[in-house]
């Protein structure tokens, strides 16, 4: 039976981290909200119509048979073993889940660069604050997170260029997405990305060249980055590297 | 062997969600950073001195034998079965983990009420923005999250007042902490909390009256809420209920 992925149509957003895993593994899945009547099917879950244990707070969530799994990190923790995208041992799995939760925190901070005051208001209504938050994000937070991820790859004794172990895991796909998203949102500030975070840049290229990812990225299933998503390109928030 | 919890001393912070689980279960643990040389032991992990798979991004993290588990939700997902604080079945466990990740998102938003622009700057330097973010948080985000959690308890067919299943799980302890923290940070805005979210208020009281929690909250191990933590009381950010 195909996995059912529920996420807003029209943007990559948080759903993309799940899509990349499903696509890399060649798994069968339906992107429900992009199918006919899919939006109302998704809203039924969010409105609690399926009841107890099937009431996610927000998309993305994944339905697999009787199970409804919500939050990107929870979904990938669940899918990892099934899609063969995580090592076997408990220590590695726990560590990768922690890495994915660090990715999740970073994604929330990326979102807040354009919505630092309220998600209920337009970007245009919080532009000045977005400028200040983006400046702090680029100066402090990108180096903190990306420096950390780069050190993780460096510390991996397998030396294959992956975050954990000797082959690709789901968190590598998420790091690819972060690198691509940052380059889209902040092309000026990320000019030296490959020099500053060489192992993340290399990992991004490894992932980019995976046959299934290459096919996916060229397909119509991969939406372009746009200004409805997490990573938005507002030139006024971008700046020269520090 | 005792669990080792690593978290900043001097505040409840995110570590408190883990402490509540350990205390409720009567588990043996060391709050490492509060012991002598504990801070440098913690910093060794953060500086990567223990190497591969033992390099958390930030506290809190838990050491259990050979394992290092980082992020609150990951820690509680790991501890839940060991402390008997989660139901047996996979569906409930996956759902509770999703709930805990929703708690984590909410905690990040609470933090940003006083630091909407940059964690590298003082609150005093972003006071105006904090006022705007807090207003939006109280108007939109508290009802969205707390209303959701209240609906979760309401949907539980066991009717024992818990979020999931017929007895206490770790996420109930976290919901208690959210209710207590909100009441501390925003006493005016939360005046009608018990009326608005009656099942969360009832759950808070259930947790408060658990013998081990009662003992813990009265002990010196439970630090008071203060303005170094996640939940901070700045009267100028509080306001009358909408």
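Residue numbers (this note's numbering), protein chains in the order written: chain A, 2 to 243; chain B, 2 to 243.
Backbone N, C-alpha and C define an ideal beta-carbon position, used for all residues, glycine too.
Identify the continuous alpha helix (DSSP H) that holds residue i and give its terminal residues.
{"i": "residue 173 of chain B", "result": "171-186"}
{"i": "residue 71 of chain A", "result": "Premise fails: residue 71 of chain A lies in the beta strand (DSSP E), 68-71, not in any alpha helix (DSSP H)."}
{"i": "residue 30 of chain A", "result": "Element bounds for residue 30 of chain A: not the alpha helix (DSSP H) but the beta strand (DSSP E), 30-32."}
{"i": "residue 106 of chain A", "result": "91-115"}
{"i": "residue 47 of chain A", "result": "39-47"}
{"i": "residue 135 of chain A", "result": "128-137"}
{"i": "residue 154 of chain B", "result": "143-156"}
{"i": "residue 224 of chain B", "result": "Counting along the chain, residue 224 of chain B falls outside any alpha helix (DSSP H), and DSSP gives it neither H nor E."}
{"i": "residue 217 of chain A", "result": "212-219"}
{"i": "residue 58 of chain A", "result": "Run containing residue 58 of chain A: none; DSSP gives neither H nor E here."}
{"i": "residue 19 of chain B", "result": "16-26"}
Under a Cβ-count criterion, where at least 16 other Cβ atoms within 10 Å of its own Cβ denotes burial, should residue i be classed as buried or exposed?
{"i": "residue 64 of chain B", "result": "buried"}
{"i": "residue 61 of chain B", "result": "buried"}
{"i": "residue 30 of chain A", "result": "buried"}
{"i": "residue 121 of chain B", "result": "exposed"}
{"i": "residue 119 of chain B", "result": "buried"}
{"i": "residue 2 of chain A", "result": "exposed"}
{"i": "residue 16 of chain A", "result": "buried"}
{"i": "residue 48 of chain B", "result": "exposed"}
{"i": "residue 164 of chain B", "result": "buried"}
{"i": "residue 71 of chain B", "result": "buried"}
{"i": "residue 155 of chain A", "result": "exposed"}
{"i": "residue 159 of chain A", "result": "exposed"}
{"i": "residue 221 of chain B", "result": "exposed"}
{"i": "residue 44 of chain B", "result": "exposed"}
Got a sec? Which residues, its chain only, sit under 8 Å from residue i by beta carbon, not counting five neighbours each side?
{"i": "residue 55 of chain A", "result": "46 and 69"}
{"i": "residue 189 of chain B", "result": "239, 240, 241 and 242"}
{"i": "residue 211 of chain B", "result": "25 and 169"}
Please determine whether the Cβ atom of residue i lies at a distance below 7 Å from any heavy atom of the ligand FAD.
{"i": "residue 18 of chain A", "result": "The model on display carries no ligand, and the ligand FAD is accordingly not part of it."}
Between which two residues does the beta strand (DSSP E) holding residue i run?
{"i": "residue 7 of chain B", "result": "4-7"}
{"i": "residue 197 of chain A", "result": "Not the beta strand (DSSP E): residue 197 of chain A falls in the alpha helix (DSSP H), residues 194-197."}
{"i": "residue 63 of chain A", "result": "62-65"}
Pop quiz: residue i and residue j are said to be a contact at Cβ under 8 Å. What is the actual Cβ separation, rounded to whole angstroms?
{"i": "residue 230 of chain A", "j": "residue 14 of chain A", "result": "5 Å"}
{"i": "residue 134 of chain B", "j": "residue 113 of chain B", "result": "6 Å"}
{"i": "residue 97 of chain A", "j": "residue 172 of chain A", "result": "5 Å"}
{"i": "residue 179 of chain B", "j": "residue 107 of chain B", "result": "7 Å"}
{"i": "residue 74 of chain A", "j": "residue 101 of chain A", "result": "4 Å"}
{"i": "residue 204 of chain A", "j": "residue 148 of chain A", "result": "Not really, about 14 Å apart at Cβ, beyond 8 Å."}
Leaving out five residues before and five after residue i in sequence, what residues of the same chain have Cβ atoms less than 7 Å from its Cβ?
{"i": "residue 28 of chain B", "result": "4 and 84"}
{"i": "residue 22 of chain A", "result": "77, 80, 84, 86, 171 and 174"}
{"i": "residue 233 of chain A", "result": "115 and 186"}
{"i": "residue 1 of chain A", "result": "For chain A, the structure presents residues 2 to 243; residue 1 of chain A sits outside this window and is missing."}
Return the chain-ordered list of same chain residues with a C-beta closer than 6 Å to the C-beta of residue i, the five sequence neighbours on each side being excluded.
{"i": "residue 10 of chain A", "result": "34 and 35"}
{"i": "residue 109 of chain A", "result": "none"}
{"i": "residue 58 of chain A", "result": "none"}
{"i": "residue 217 of chain B", "result": "24 and 223"}
{"i": "residue 177 of chain A", "result": "205 and 208"}
{"i": "residue 104 of chain A", "result": "175"}
Query raised in the report: Using Cβ-Cβ distances below 7 Å, what residues of the segment 46-62 of chain A are close to chain B?
Result: 49, 52, 53, 54, 56, 57 and 58
**Report entry** Positions along the segment 133-146 of chain A whose CB lies within less than 7 Å of some CB in chain B
**Finding:** 133, 134, 137 and 141
Query raised in the report: Can you list, in chain order, the residues of the segment 90-102 of chain B whose Cβ is nearer than 7 Å to any Cβ on chain A?
Result: 92, 93, 95, 96, 98, 99 and 102
Query - Interfacial residues, the segment 219-234 of chain A to chain B, with Cβ spacing under 8 Å - result: none
Requested in this report: Could you run through the segment 102-117 of chain A and flag, in chain order, every residue whose CB is less than 9 Å away from some CB of chain B?
Outcome: 102, 103, 105, 106, 109, 110, 113 and 117
**Report entry** Residues in the segment 153-180 of chain A having any Cβ partner in chain B nearer than 8 Å
**Finding:** When CB distances to chain B are screened at a threshold of 8 Å, the residues of the segment 153-180 of chain A falling below it are 153, 156, 157, 158 and 165, in chain order.
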